[in-house]
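Trainee:
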Amino acid sequence: MDFKFASRTIFLALACGSFAVTAVAQWQWIDKDGRKVFSDRSPPADIQEKNILKRPGNQKPVAAQPANENPAVAVSAPAAKASAPKLSGKDAQLEAKKKQAEEEEAAKNKAEEDKIAKAKAENCERAKKGLTSLQSGVRISTVNAKGEREFMDDGTRAAETKRIQGITESDCAK
Numbered sequence: 283m284d285f286k287f288a289s290r291t292i293f294l295a296l297a298c299g300s301f302a303v304t305a306v307a308q309w310q311w312i313d314k315d316g317r318k319v320f321s322d323r324s325p326p327a328d329i330q331e332k333n334i335l336k337r338p339g340n341q342k343p344v345a346a347q348p349a350n351e352n353p354a355v356a357v358s359a360p361a362a363k364a365s366a367p368k369l370s371g372k373d374a375q376l377e378a379k380k381k382q383a384e385e386e387e388a389a390k391n392k393a394e395e396d397k398i399a400k401a402k403a404e405n406c407e408r409a410k411k412g413l414t415s416l417q418s419g420v421r422i423s424t425v426n427a428k429g430e431r432e433f434m435d436d437g438t439r440a441a442e443t444k445r446i447q448g449i450t451e452s453d454c455a456k
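When we follow my numbering, the leftmost residue of the sequence shown carries the number 283, and every step to the right adds one.
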């Protein structure tokens, strides 16, 4: 029984491994920026034939340089081209993204300030109405912790008036 299980396991492992080999990228080329690209699709039409390094099947890649050139010069030229990317384009994109992030942050801060100003204005209006009610002399009732209705006495009214005056001073000051 163990031999049967082991043989099936080995067979399945080999079968799965053979499928993984076919998933390897079949095309390999050097793009216009000097980077190697690996893909299962053919390169774009603007890629020169000499820049295609590997094709699907067993075909050999095309030689990238003739044998009579100096190898040191040929190796340093692509390296210099690859190491000097277009900084101006990337810098412009980076600056644009940075500027956009700053604008978003400024808009976010302004929205937050507007929200706070609106809340203060509402609190000010509510406090003014409450202060007017307290100063009018009308009997004002409140609900205690038990849920019972109580009327404010003079001490409670004075304390509440003082508290609301503090709110109007802080929220209504412009």
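We put the beta carbon where it would ideally sit given N, CA and C, even for glycine. Since the structure is predicted, the reported quantities are computational estimates derived from the model, not experimental observations.
(1) What separation, rounded to the nearest whole angstrom, lies between the Cα atoms of I446 and L413?
(2) Starting from the C-beta of T443, find all residues in its chain whose C-beta is less than 6 angstroms away, skip the five residues before and the five after it, and write them out in chain order.
(3) Expressed to the nearest angstrom, what Euclidean distance is found between the alpha-carbon atoms of A441 and E404?
(4) Under a Cβ-count criterion, where at least 16 other Cβ atoms within 10 Å of its own Cβ denotes burial, should P338 be classed as buried or exposed?
(5) Does K411 come out as helix, strand or coil in the three-state DSSP assignment?
(6) Suppose the cutoff is 6 angstroms on Cβ atoms and the five residues either side in sequence are ignored; what does the same chain contact list for R323 look like?
(7) With DSSP as the reference, label K318 as helix, strand or coil.
(8) Quick check: the stretch 381-401 against the stretch 420-431, are at least 3 beta-carbon pairs closer than 8 angstroms?
(9) With distances taken Cα to Cα, identify the nearest neighbour of K410 among C298, I449, F433, A374.
(10) Are the CB atoms of K318 and Q308 within a distance shorter than 8 angstroms?
(11) Under DSSP, the alpha helix (DSSP H) around Q310 begins and ends at which residues?
Mentor: Concretely, from the data shown:
(1) Residue numbering aside, residue 446 sits at position 164 when the sequence shown is read from its first letter. Residue numbering aside, residue 413 sits at position 131 when the sequence shown is read from its first letter. The straight-line gap from Cα to Cα measures roughly 6 angstroms.
(2) As a first step, residue 443 must be located in the sequence shown, where it is residue number 161. Same-chain partners within the cutoff: L416.
(3) Taking the first residue of the sequence shown as position 1, residue 441 is located at position 159. Taking the first residue of the sequence shown as position 1, residue 404 is located at position 122. A441 and E404 have their alpha carbons spaced roughly 22 angstroms apart.
(4) Counting from 1 along the sequence shown, the entry for residue 338 is found at position 56. Label assigned to P338: exposed.
(5) Here residue 411 is taken as the residue at index 129 of the sequence shown, counted from 1. It is helical.
(6) For the purposes of this step, residue 323 is taken as residue 41 along the sequence shown, with counting starting at 1. Around R323: no qualifying Cβ.
(7) Looking up residue 318 in the sequence shown gives position 36. In the three-state reduction of the DSSP assignment, K318 falls in the strand class.
(8) Short answer: they don't touch.
(9) As a first step, residue 410 is located in the sequence shown; it is residue number 128 there, counting from the start. When only C-alpha atoms are compared, the closest one is I449.
(10) The residue given as residue 308 occupies position 26 in the sequence shown. The residue given as residue 318 occupies position 36 in the sequence shown. 8 angstroms or more divides the Cβ of Q308 from the Cβ of K318.
(11) By one-based count along the sequence shown, residue 310 stands at place 28. Per DSSP, Q310 belongs to no alpha helix (DSSP H); it is in the beta strand (DSSP E), 309-312.
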